[in-house]
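Scroll down for the structure; my scribbles are underneath it.
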Amino acid sequence: MNACGLIVEYNPFHNGHVYHIDEARKASGADCMIAVMSGSFLQRGEPAIIDKFHRTKAALQTGIDIVLELPYLFAVQNSDIFAEGAVKTLHEAGVSTICFGSESGSISHFITSFHTYKAKHTIFEQTMQRYLASGVSFPEASKHAYREIGLTEEKMDLSKPNNILGYSYVKSIMENNLPIIPLTVKRTSNQYHDKTITGSIASATSIRKELLETDALAPHIIAAMPEETAQQLKLYKDTAADWHNWEQYFPLLQYRVLTMTPDELTAIKGVDEGLEHRIIKTAATAATFNDWVGAIKTKRYTWTRIQRIFVHILTNTKKADYGTDLHQSVPYVRVLGMTQTGRDYLHKQKKQMNVPLISKMTRNQNPVLAMEEKASRAYYSVLSSKKRQQLFKQELRAPIMVQK
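For what it's worth, this note's numbering labels the leading residue of the sequence shown as 50, then goes sequentially.
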């Protein structure tokens, strides 16, 4: 069977994702569509609006055949490490193509850009270091460095969010010499950071904003997503009593920081260059999560970078936990859910995999999977005890099966 891989977060799954799946299936000619998806916390350092299991069900009911979990180790990271984990997970799953959405819409632009980057790598690195030394953030320094080697032109603008991620996927495939053909689909109708729903295809950002502000599935919100997503959003809220957002975790984070020493905070992943003092100093006076991030944010430390740090504080993830070499193969492939087509595919593919195929958490589990358990417990920590236990039990069950 021919499989196509998608790298996703589905936060939540919407009509733009249906378009992506349909176009990817056409472009790849795939029999099996495999999505590797972030779990409880996402690449930009946010809690998913509903848990990974309900997001998995929505995806399986709307065109995906297998949902794999991107380990926390890779998920809450910059674009290059996020891409490395996702691409290598899909490689272990045996995909022949990976298709991603982009502002560019032309795969030749990504491949040409990679060769340009390799040819001018020294200039790129020198420019990066010069701008970092001036006190700007990593994304801003990257933007200047790409401009220096000609990669922020109209045809291939590496200041655009989906182009950045897509370029990281192509770079991972090519630098690791993987037998995967990259494909891209041009994003349609909306931009990644759009905050308003204007039609049947809207950004996940605008859908989350409307859901959290109105606290309801209004008709114009439902119009931007498949019926199955609306069902899963409603089902999760009926079970958990809420959709997740950072403000729910604010009291826990504040307590954590106010009871930590600077040395304890420095041990946390992402806390570097004396940032622990700024985090502690602002903790006591912050009234909300957004206030707190705003008080810490500088030219050097972006909102996204601070959110990732807060995820690591919440999950007590330390620099020492990242002893695993992130540039080696992924430690396992975990299946969150599948259709019958997906099951048939995995039955054949698992004999060719170089890493274990995991279906649920166990007692003597891989240390990377143990990080996943911590992330899941932290994610559900804002719920009542009964709901917390009920939802966490999903981690211990066999993968979700959806009949289509």
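For each residue, glycine too, the CB sits at the ideal point set by N, CA and C. Being a predicted model, the structure only gives us computed values, none of them experimental.
Asked: Residue(s) in a DSSP beta bridge with Pro-416; Found: Answer is none; Pro-416 lacks a bridge partner.
Asked: DSSP-derived helix/strand/coil call for Lys-235; Found: strand
Asked: Within 9 Å, strictly: CB atoms of Ile-56 and Leu-119; Found: yes
Asked: Supposed close pair Val-33, Gly-386 - CB separation, criterion 8 Å; Found: Only positions 50 to 453 of the chain appear in the structure, and residue 33 is not among them; the question remains open.
Asked: Where Gly-343 sits in the DSSP three-state scheme; Found: helix
Asked: Integer-rounded CB distance, given that Arg-93 should sit under 8 Å from Thr-353; Found: 5 Å
Asked: Cβ contact (3+ pairs, closer than 8 Å) linking the segment 288-301 and the segment 423-441; Found: yes
Asked: Same chain, Cβ closer than 8 Å to Ser-334, neighbours up to 5 away in sequence not counted; Found: It should be pointed out that residue 334 corresponds to Thr in this sequence rather than to Ser. Correct list, in chain order: Ala-344.
Asked: Contact between the segment 408-415 and the segment 72-86 (3+ Cβ pairs under 8 Å); Found: no
Asked: Whole-number beta carbon distance between Ile-83 and Ser-145, since they are thought to touch under 8 Å; Found: No, Ser-145 and Ile-83 are not in contact; Cβ-Cβ is about 11 Å, not under 8 Å.
Asked: Beta bridge counterpart(s) of Ser-151 as assigned by DSSP; Found: Lys-235
Asked: Rounded C-alpha distance that separates Cys-148 from Ile-98; Found: 24 Å
Asked: Own chain, CB closer than 7 Å to Thr-331, minus 5 neighbours either side, in chain order; Found: Trp-341, Ala-344, Ile-345
Asked: Distance CB(Val-219)-CB(Ser-128) smaller than 9 Å; Found: no
Asked: Cβ distance (whole Å) where Lys-235 is taken to contact Ser-151 below 8 Å; Found: 7 Å
Asked: Beta-carbon spacing of Asn-64, Pro-275 below 9 Å; Found: yes
Asked: Beta-carbon gap between Gln-281 and Ala-107 smaller than 9 Å; Found: yes
Asked: Proximity winner among Leu-117, Met-205, Thr-308, Ala-273, relative to Ile-362 (alpha-carbon distances); Found: Thr-308
Asked: Assigned secondary structure, Met-223 (DSSP; H/G/I helix, E/B strand, else coil); Found: helix
Asked: Ranges of the beta strand (DSSP E) found wholly within the segment 123-169, counting only runs of at least 3; Found: 146-151
Asked: Cα-Cα separation, Tyr-298 to Ala-168; Found: 45 Å
Asked: Three-state class that DSSP yields for Ser-255 in the structure shown; Found: helix
Asked: Integer-rounded CB distance, given that Asp-80 should sit under 8 Å from Tyr-285; Found: Rounded, the Cβ-Cβ distance is 31 Å, inconsistent with contact.
Asked: For Ile-271, the three-state DSSP class (helix, strand or coil); Found: helix
Asked: Where Phe-62 falls: helix, strand or coil (DSSP); Found: coil
Asked: Rounded separation between Ile-222 and Glu-141 - CA only; Found: 13 Å
Asked: Buried versus exposed, by CB contacts within 10 Å (16 or more), Lys-348; Found: exposed
Asked: Burial state of Gly-323, where buried means 16 or more other Cβ atoms lie within 10 Å; Found: exposed
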